[in-house]
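Protein chains in written order, with the numbering used here: chain A, 1025 to 1372; chain B, 154 to 548; chain C, 12 to 354; chain D, 878 to 1244.
For each residue, glycine too, the CB sits at the ideal point set by N, CA and C.
Computed from a predicted model, the values in this text were never measured in an experiment.
A short write-up of the structure that comes next.
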Amino acid sequence: MTPIVELRGVHREFIKDRERVPVLQDINLEIEPDEVICLVGESGCGKTTTGKIIAGLLNPSSGEMLVDGRSLASRSGKEEKLLRRQLQIVHQDPFASLNPAHTIGDILSFPLRRHRMVKGSGGLQRRIWELLTMVDLTPPGDIVNKYPHQLSGGQRQRVSIARALTVQPRLIVADEAVSMVDVSIRISLLKMLQNLRRELGLTIVFITHDLALAKYFAWEGRIAVMYLGRIVEIGRTPDVIANPAHPYTRALLAAVPEADPELTRHKQAMRLRSDDIPKLTALPPGCAFHPRCPFYVPGTCDVNVPALTDAPGFAQEVACIPVQQGQAAQQIVEDDVDLNPVPAHGLD
Amino acid sequence: MIGFETVASPVGLVIGLICGIVPLAAGIHYRRLRAGIGGFLACTLSGFACGFLGGLPMIALTYAVVLSYAYVNREDPFTSRAALSEVTFEVTRAEQFQRTMANLGKSLRASWKALVRNKAGFLGFLGLAFFAALTIFGPSLIEYEGQAHIERREPGARALVAAPSVEHPLGLDWKGRDVLSHMVHGGQRLIITSVEAGVIATLIAVTLGSAAGLLGGVVDQILSTIANFILTIPAFPLLLVLAAVVDFDSDFMLAVLFAVLNWPTLMRAVRAQVLSLRERDYVEAAVALDLGLWHIISREVFPNMVSYIAINLIFTVRIAMYSIVGLVFLGLVPLREPDWAVMIFTGRQQGVLFLPQAAGMLLSPIVAIALFQLSLVLFSRSLEEIFNPRLRSGL
Amino acid sequence: MTYDRSHVVLSVRDLSVNYLARRGRVRAVSNVSFDLHAGETLALIGESGCGKSTLNLALIRQLPNTAVTEGAGILYTYRDGRQVDVLKFSDRAMRRFLWSECAMVFQGALNSLNPVLRVSDMVYDTASAHGIGRDEARRRVLKLFEQVRLDAARVFKSYPHELSGGMRQRVLLALSLLLRPQVVIMDEPTTAVDILTQRSILDVLKELRAELNFSVIFISHDLAVAAEIADTVATMYAGEIVEIGPVNDVFYKSRHAYTLSLLNAAPRLSVGREELMSIPGSPPDLIEPPPGCKFHERCAFATDVCRTVPPPLVEYEGGRLAACHETERVLENALETRKAALA
Amino acid sequence: MSAITTQPAQPQPQVDVQTPNVLDFLRRLWRNYYVKVFIQGLITIWAVTTFTFFMIRQMPGSPVEAKIDELMTRQAMTYEEAYRATATLFNFDPDRPLHLQYFDFLSGLVRGDLGDSITKGGVSVTSIILRYLPWTLFCVGMALVISFSLGIVMGLAMGYWRGSWFDNLITTISSIISGIPDYIMALLIILIFGVQLQWFRIGDVRGGVDPNITPGFTFEYIASVFKYALLPMLIYVLSSIGTWTLSMKSSTISTLGEDYITVAKARGLSQRRILTDYVGRNAMLPLVTRLAISVGFVVGGSVIIEEMFQYPGLGRNLYIAISGRDYTTMQGIFLVITAAVVFSNILADLAIGWLDPRVRLGKQEES
């Protein structure tokens, strides 16, 4: 199948205070139709920038983005616009993503009218009601005439999703879309997204810093772990979670507390060599993780930038030279994290 | 300028009476008698004040308010708790129109409530309404005395100027003319010129500020440099110089000149606002939805700046009035009577400043200007509440 | 973690906080009671708007003027055994009490430090307000900085903006322990930081607690963090404590439907594919809360009784308290879930 | 084992080790924030001065023509004679092409010479400015200091004890007085307290100082200076204090909402300490910028107020120069005002960098 979106050697820089900040470096990513893919990483790793590039809101500084196997630049202006419209984004902050000056009905009607998705005012109203019903905002009559400030965070996020659906997209980038809503609301939002994906055949790019959430949402899809502007590990979710290859992924997984007292207290932490995250403007040479990496091999890791490829013993792709060479594998298995400890405390 | 030159006329009154029948009929039809009568009166008054064309928007608004009252008790399918399958969405054009008008009326009523809620703002509004009524209706009620009245000199008095009396509630000026008539006739030009100046300055500022903020790059750099340049020049002294260079026969030119010197502050503020609004997520969503630049400017960015711009407009009107009165006070623009500022100037020039009986002549315009400025300041307090949907709904 | 169950440091009795809003009275916290023992870590968990932050500000009496605090008392026991009611303190006595007996670590690490002062200034400020000399304060704080793994000398002379988020949070942690308080209240101290930073803060916190043996009230919406560091867990919903008990009991043998729902909605990393349950609806309006149990509208176990009668907080074995009419069914359900997880 | 593909690390950006030359030096100088701002300021002053130079000479009615007419009629001179006499008297040649006049002016300016006044023969503009500037500086500057410090203190107290009777009273008064223009306020005060109530005689305090007192560093003289400056100063204070107070109040209120205030209270700090170092210092920051910018406008004084009280400041002299078409004096005063505005902007920058460590750091990184 042709990937719906493909990033080829994408670099992205920002200029801040006359300094070049390389936010993304050499990102290669193929997103298949119907797929769920999760971008995870800590703040500043470039996941949001990647999301914005995929949603067509930012252009790569170099490298290219292909939609349906062809680059956007090679298409006519009209076609390009149509394609871009099929890539939508849902933002993180439900309080900033809706214009406070308009009612929900207005917010949904703008794109419907602009792109002539409906006929007449009756058709417009019907479509708005349909969309609100789709995102479980019922009864719609209660919602259409309200202003965003009259809704809760979860409801607003649903409106954001409905707005993205107005233009019948094929791909939605959900940029930390549930991180600012409450725990009890979160799961219902994710379930709704999953249902929409199934019903409408959507592709979803889910960006999050929460590994447990990523694991839950993208169990049938893939996870890409990012660190300082590069993808360091990518593969099927169960593989990455159960058998992480990159030392950074291992550190992350080991650091996450679990909502289970026995489990979380028996988890073994992985001590990094340094707690400091390098600045993007002063990236270390070689592998950007080497100053913190417990498996650092002098003379290799600080000289060569690892490429994202297969590694022995792992189903996923990883960008770590020792792992690729099979050197770290043994060491890791021996003295590293026990990720699935048997709880000592039972049902006494 | 436009429309306001035609001051209250009897013809307008007749037209207003006729047009007032629409809201009255609507009020009776929907059994909202009080609203209907209110609408009728509003139409009559606005017709009287501004003639047919000026009153027309007022008439439409009153009709909208009456309709919105009518809609309170009616079951609108779109606001009911019905599910999708239970609603028919096809409506007639007339129904659509009525609904639009009713919504307009509702938001007008909400604005009114917001205005009334803020006491200081409401006080300011009343002040402005008073000055509007004074300058619109006053001239047709009180005759203007342009000629000197030497015969009014009291026997033995050294000057014609006189303190307030029953006959002349605000006293007589240095030519023996009735101060009240000058007060009533002398405000219109000053107020209109100040408002014009403020509006032009705001227009320039908003246009250039939005352009700089949205387009960025070279445009932004050039516009910002010009703004900074003008900001460095001391505005009022330069206005003094320009007052000599430019021929001020037309008030409009004065307003334009003021605007040219006073747009940069607001322009920089608008630019900063646009820059920050441009970064908002909802603007980004609009870009992703391909809603177009015009939509982004007019529907996403602008509505969130309205209150800010309105407050600044009022501020600029104040500064404009300050500058214009100042120019007149220093005698640097051609003097034309009747005018509040000219009353102060001549009072000072004729040396009656220190005569106790001249209090009526001098204090009247001074107090009027002070009160007008004060009303503007107070009124601007409630603008934020009127334009912000969050504050308006009283959360 | 073990703690001394015989020595109660802080005892909150029947505390209620109401905000006076335009629409009416917001019952942000109603009738909250709990005991905090010496060396104990109590986690208050709940969603935003459940009153946990209001409760913690009420404990140190830092609520805004629009809030009205009522209660039978906040009883505090000094190290020498003297007992006082915090609610009855004069302003002066309150100032002396704060920080030296009960300190706080707030959520926003950047906003918690005065941007125009150096870290050292804030240390001296705090010390001199409580009659401790500069040298002594300096000596103590440098040691604490080392304990929280900071570059002590450099951080001491820095301005807040020169430090990263994780460093600032650790500075606050160290600063809170400057006067050796018995109680430290922590309001979401790891919410705004990255995973690895969170890990190092949690580790540091555990070390400090083992060494200095202070009690902690830990406020969080994150069940996982609570599971890791708490001895006792209290669940809050709509301004009330609905369940409280030892951490393992609350997590494995939940007696309140809300606690169970929260746990069922929390994804776990080391479990394979899992089916999570969402909680329908949204938290109730605190001005006009629903009758009966405030959770009944969203509860899968709700019966007619739940819709009319507010459930009382009942004590069960092992220091457990729960306010739920259907506690037996909930417990049964929790045990089954646990069994399934272990299988 | 799969083949391992590696990329060479990207080369480290090389440190510039070029031999320093003039260009390089200038570039580095330009990168220094303050040098850059200073040079930009000089350019702005030059541009504004040029603009006003040509503007002023567009004014209708030249002083020379007025004088020539007068000489021809009064002393029955021929036009030629009158012209030459005027030229010597005025030290000004109106026929000299404008661009040459401009270059004369510029070259004078570089040497620090602003030329001579046109209407007051033989008096240099510099001496006029030096003579009148102190009066304005004293009167307006003093008023600014008073209204700023009072405004800060009152605003802080109002914000801290928000909703108290003190807050409500001062807020109302401040809103009212900040809405009234300064000269309208002056007229109101003169008319109500001076003319109607006869509390003081306005005629007694015209000018800068009692002309019967010999200037000197005597108590009498200084008292007289203060007495004469009292009314204008009062008006400056009244017309600006409302704005300072209200801004400080709103700034204080927003500062009080910051977490670090709650933390400071939780740390048991005394109220005084919180008010000064925590609330006050942070709430003042935005106002300091505005204070520094206002300092620039002090120099010009208020033309109308000075004219009203016949106060011998720069503003009144500017007005006289404009009425008499005294090009050089006008030009000089404009230059001084512009320079003051430009440098006070730089001062504002410096002040905020000095008070706010966050900004300080930003500057260092940029340079």
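Extent of the continuous alpha helix (DSSP H) to which residue 374 of chain B belongs:
370-385
*asked:* I need the DSSP call for residue 1325 of chain A, collapsed to helix, strand or coil.
replied: coil
task = Give a yes or no on whether the minimum CB-CB distance between residue 1270 of chain A and chain C is below 8 Å.
result = Chain C contact via Cβ: absent.
Original post:
Three-state secondary structure (DSSP) at residue 297 of chain B?
Top reply: coil
Original post:
Within 10 angstroms of its Cβ, does residue 1112 of chain A collect 16 or more other Cβ (buried), or is it exposed?
Top reply: Result: buried.
>> Helix, strand or coil, according to DSSP, for residue 1164 of chain D in the structure here?
In response: In the structure shown, residue 1164 of chain D sits in a helix (DSSP, three-state: H, G or I).
field: Amino acids of chain C, ordered along the chain, whose beta-carbon sits closer than 7 Å to that of residue 1303 of chain A
entry: Simply none; closest approach about 10 Å.
Inset, instruction - Within its chain, find whatever has a CB closer than 8 Å to the CB of residue 277 of chain C; leave out the 5 residues flanking it on each side and keep chain order. - result: In its chain, beyond the 5 residues on either side, 234, 235 and 287 have a beta carbon closer than 8 Å to the beta carbon of residue 277 of chain C.
Grab me the residues of residue 347 of chain C's own chain with a C-beta within less than 6 Å of its C-beta, minus the 5 sequence neighbours each way, in chain order.
-> none
Under the rule that 16 or more other beta-carbon atoms within 10 Å means buried, what is residue 125 of chain C, buried or exposed? A residue is called buried once 16 or more other Cβ atoms fall within 10 Å of its Cβ, and residue 125 of chain C is buried on that count.
Notebook entry, point to check: In three-state terms, what does DSSP make of residue 310 of chain C?
Noted result: coil
So with Cβ pairs under 8 Å, would you call residue 59 of chain C a contact of chain D?
-> no
* Asked: Can the beta-carbon of residue 465 of chain B be found less than 8 Å from the beta-carbon of residue 428 of chain B?
  -> No, they are not a contact pair.
I'd like the span of the alpha helix (DSSP H) that includes residue 174 of chain B, first residue to last.
174-182
When the cut-off is 8 Å and only beta carbons count, does residue 445 of chain B lie next to chain A? Taking Cβ atoms only, chain A reaches closer than 8 Å to residue 445 of chain B, which makes this a yes.
Notebook entry, point to check: For the candidate residues A:1252, A:1305 and A:1300, whose alpha-carbon lies nearest to that of residue 1068 of chain A?
Noted result: A:1252
Short-range partners of chain B found in the segment 1091-1118 of chain A, where Cβ spacing is below 9 Å = 1105, 1106, 1108, 1109, 1111, 1112, 1113, 1114, 1115, 1116 and 1117
- request: Tell me whether residue 26 of chain C sits in a helix, a strand or coil according to DSSP, three-state version.
  value: In the displayed model, residue 26 of chain C falls within a strand according to three-state DSSP.
Nearest-angstrom Cα separation, counted from residue 184 of chain C out to residue 462 of chain B | 45 Å
Item to complete: Tell me, please, whether the CB atom of residue 165 of chain C is closer than 8 Å to any CB atom in chain E?
Response: Here the protein chains are A, B, C and D, and chain E is not one of them.
Check your understanding: Name the chain B residues whose beta carbon is nearer than 9 Å to that of residue 942 of chain D?
Key -> Below the 9 Å Cβ cutoff, chain B contributes no neighbours of residue 942 of chain D, its closest Cβ being approximately 15 Å away.
Discussion item. Within 10 Å of its beta-carbon, does residue 929 of chain D have 16 or more other beta-carbons around it, so buried, or fewer, so exposed?
Written reply: buried
Open item on the list: I want to verify the contact list: residues of chain B whose CB lies under 8 Å from the CB of residue 1080 of chain A, in sequence order.
Closed with: 441
For residue 262 of chain C, decide whether its Cβ has a neighbour in chain A, counting only Cβ atoms nearer than 8 Å.
yes
Which bits of chain C does residue 1137 of chain D rub up against, with CB to CB less than 8 Å?
122, 123, 124, 125 and 126
What whole-angstrom Cβ distance do residue 516 of chain B and residue 1068 of chain D have, given they're in contact under 8 Å? Contact between residue 516 of chain B and residue 1068 of chain D holds: their C-beta atoms lie close to 6 Å from each other, under 8 Å.
ask   = Residues in its own chain within less than 8 Å of residue 1075 of chain A by CB, not counting five upstream and five downstream?
value = The answer, listed in chain order, is 1063, 1113, 1197, 1199, 1229 and 1231.
- Would residue 1242 of chain D count as contacting chain C if we go by Cβ distances under 8 Å? Note that residue 1242 of chain D has pLDDT 40, beneath the 50 cutoff, so the model's placement of it is unreliable and the number below is only indicative. For residue 1242 of chain D, the answer is no, since every Cβ of chain C falls outside 8 Å of its Cβ.
**Item:** Members of the segment 1149-1172 of chain A near chain B, C-beta cut-off 7 Å
**Value:** For chain B, the residues of the segment 1149-1172 of chain A that bring a beta carbon within less than 7 Å of one of its beta carbons are 1149, 1150, 1153, 1154, 1157, 1162, 1163, 1164, 1165, 1166, 1168, 1169 and 1171, in chain order.
Q.
Need the endpoints of the alpha helix (DSSP H) that residue 1286 of chain A sits in, please.
A. Per DSSP, residue 1286 of chain A belongs to the alpha helix (DSSP H) from 1285-1289.
Taking beta-carbon pairs under 8 Å, can you tell me which members of the segment 1205-1235 of chain A lie near chain B? Under the 8 Å Cβ criterion, the segment 1205-1235 of chain A contributes no residue.
Measuring straight from C-alpha to C-alpha, what distance separates residue 509 of chain B and residue 1071 of chain D? One C-alpha to the other measures close to 10 Å.
Work out the CA separation of residue 1060 of chain D and residue 1076 of chain D for me, nearest whole Å.
-> 19 Å
key: 8 Å Cβ cutoff, residue 911 of chain D in contact with chain B   = Interface with chain B (8 Å Cβ-Cβ cutoff): residue 911 of chain D is excluded.
Worksheet entry | Given residue 1043 of chain A as reference, the closest of A:1137, A:1333, A:1243 and A:1305 once Cα atoms are compared | A:1305
Is residue 1281 of chain A close to chain C, meaning its C-beta is less than 8 Å from at least one C-beta of that chain? Among the CB atoms of chain C, one or more fall inside 8 Å of the CB of residue 1281 of chain A.
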